[in-house]
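Chains as they are written, first to last, in the numbering used here: chain A, -16 to 103; chain B, -11 to 95. Even glycine gets a Cβ: it sits at the ideal position worked out from N, Cα and C. Predicted model, so just to flag it, every value in this text is computed and none were measured.
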Amino acid sequence: EVQLVESGGGLVQPGRSLKLSCAASGFTFSNYGMAWVCQAPTKGLEWVASISTGGGNTYYRDSVKGRFTISRDNAKNTLYLQMDSLRSEDTATYYCARHTDSSYIYFDYWGQGVMVTVSS
Amino acid sequence: DIQMTQSPASLSASLGETVTIECLASEDIYDILAWYQQKPGKSPQLLIYDASSLHTGVPSRFSGSGSGTQYSLKINSLQPEDFASYYCQNGLSAPLTFGSGTKLEIK
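Laid out in structure tokens, this is it:
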């Protein structure tokens, strides 16, 4: 059974940093691209970043470029999101999601989500 | 960036009814579109990919159609578990973009 379990969320002050982790199991992690998708309270879904199978290619939405870094450790079956210079508008639930086995980017498995609150 | 305009924002329907949700892309996305269902407090679940292909385990009362810039999700014979929020998503190129969502409520 595919499982994605996020951790590392919490309350953080504006300008500070936080690192999210996503532990994957039930599939060959190194064979799949991975992503982070967020959802602000009562709002819709927003793609944040994606990373290729080997980690050599990364993609970000404009609002997080230069502040967030997606990475992965295939030996540990873990996906990360380093979040620096956090802003109040980054407050959201962050989901780890697996890319489908396709040439195009869809998300076929999602974690339960982890809440990040940026507030003084 | 490709903008995804989803309508309606909310929809009330009765059990057994058929409903359709629309998604309009700001440019041709060549059927590279997915639909997701999200229940309150839960993570999204993939329903449809490539505009019309049903994801594994998704009931056949869900169907997707469309081409170019216009796409739709149809749900036949609404069941209690179908009352949720639905999102479309452009899978063609980064930045990947979602529609703003449709909340389907029981009438």
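- Using a Cβ distance threshold of 8 Å, A/Leu64 and A/Ala7 do not count as a contacting pair.
- At a Cβ-Cβ threshold of 8 Å, B/Thr85 and B/Asp(-11) count as neighbours.
- Excluding its 5 nearest sequence neighbours in each direction, B/Ser73 has C-beta neighbours in its own chain below 6 Å: Gln26, Gly89, Lys91, listed in chain order.
- Judged by DSSP in its simplified three-state form, B/Asn64 adopts coil rather than helix or strand.
- Around the CB of A/Val47, 16 or more other CB atoms lie within 10 Å, so the residue is classed as buried.
- Note on geometry: alpha-carbon atoms of A/Gly(-2) and A/Arg70 lie some 6 Å from one another.
- Counting along the chain, B/Ile36 sits inside the beta strand (DSSP E) bounded by residues 33 to 37.
- For A/Ser0 and A/Gln22, the gap between their C-alpha atoms comes out near 19 Å.
- The beta carbon of A/Gly(-8) lies closer than 6 Å to those of Val97, Met98, Val99 in the same chain, with the five residues before and after it left out.
- Taking a beta-carbon distance threshold of 8 Å, B/Tyr74 does not count as an interface residue toward chain A.
- In the three-state reduction of the DSSP assignment, B/Asp16 falls in the coil class.
- Interface with chain A (8 Å Cβ-Cβ cutoff): B/Gly4 is excluded.
- Any Cβ of chain B closer than 8 Å to the Cβ of A/Glu72 would place that residue at the interface, and such an atom is absent.
- Distance from the Cα of B/Leu12 is smallest, within the candidate group B/Leu34, B/Glu93, B/Leu66, B/Ser53, for B/Ser53.
- Per DSSP, the unbroken beta strand (DSSP E) holding A/Ala18 starts and ends at 17 to 22.
- Within its own chain, the residues whose Cβ lies closer than 6 Å to the Cβ of B/Ile94, once the five positions on either side in sequence are excluded, are Phe71, listed in chain order.
- Taking a C-beta distance under 8 Å as the contact criterion, B/Ser60 and A/Trp93 do not qualify as a contact pair.
- Contacts with chain B at 8 Å (Cβ-Cβ) include A/Trp93.
- Under the Cβ distance rule, A/Thr83 counts among the residues neighbouring chain B, one pair being separated by less than 8 Å.
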